[in-house]
Amino acid sequence: MSRTKYTYTIPSGDKIGTETVTLIALTAEEEMMATRRARGDQIRLAFELVKSSLVAVDGKELKPTDGSLDRVWDKLHPQARGFIMQAYGQIHSPKEDDSTTFLASCQIEI
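For the sequence shown, my numbering assigns the number 3 to the initial residue and increments by one for each residue that follows.
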């Protein structure tokens, strides 16, 4: 299955050791797998979701199955991890205008 990839350039990446990151939108199954890995810890869940979405750093593919994802994540500069979390939010959240339109479309039946 072909997946849309979102590649972001990190500002001042040369100074923090990471110049680009690539993420994908998660499927419902991938979200459930991340939820299981979090074992009920809501803070850990946020990180597990973000890590599941991260597929490449500086053009190098990452895989959760071979440990490369965890190794790279652990070595990332805190600012890089922050940018990745922002990217995850942008990819997975509706735009504000869309949210407003959606919520305004509510029809109540009694």
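Just so it is clear, CB atoms sit at the ideal spot from N, CA and C, and this is done for glycine as well. Keep in mind the model is a prediction, meaning the values are calculated, not measured.
Return the first residue and the last residue of the alpha helix (DSSP H) that Ile-18 is part of. The residue you call residue 18 lines up with position 16 of the sequence shown. Where Ile-18 is concerned, the enclosing alpha helix (DSSP H) stretches over 15–18.
I need the DSSP call for Glu-63, collapsed to helix, strand or coil. On the sequence shown, position 61 is the one that residue 63 refers to. Reduced to three states, the DSSP call for Glu-63 is strand.
C-alpha distance - Thr-6 paired with Trp-75, whole-angstrom precision: Here residue 6 is taken as the residue at index 4 of the sequence shown, counted from 1. Here residue 75 is taken as the residue at index 73 of the sequence shown, counted from 1. Straight-line Cα distance between these residues: approximately 21 Å.
Within the chosen definition, does the stretch 5–22 reach the stretch 39–51 through at least 3 CB pairs nearer than 8 Å? no
Once you ignore the five residues that flank Asp-99 on each side, which residues in its own chain have a CB closer than 8 Å to its CB? To locate residue 99, count along the sequence shown from 1; it is residue 97. Excluding positions up to five away in sequence, the list is empty.
Just to confirm my understanding: we take Pro-96, look at its own chain, exclude 5 residues before and 5 after, and list those with CB closer than 8 Å. What are they? The count along the sequence shown starts at 1 and reaches residue 96 at position 94. The residues are Phe-104.
Report buried or exposed for Ala-30, applying the criterion of at least 16 other Cβ atoms within 10 angstroms of its Cβ. Walking along the sequence shown from the start, residue 30 turns up at place 28. Ala-30 comes out exposed.
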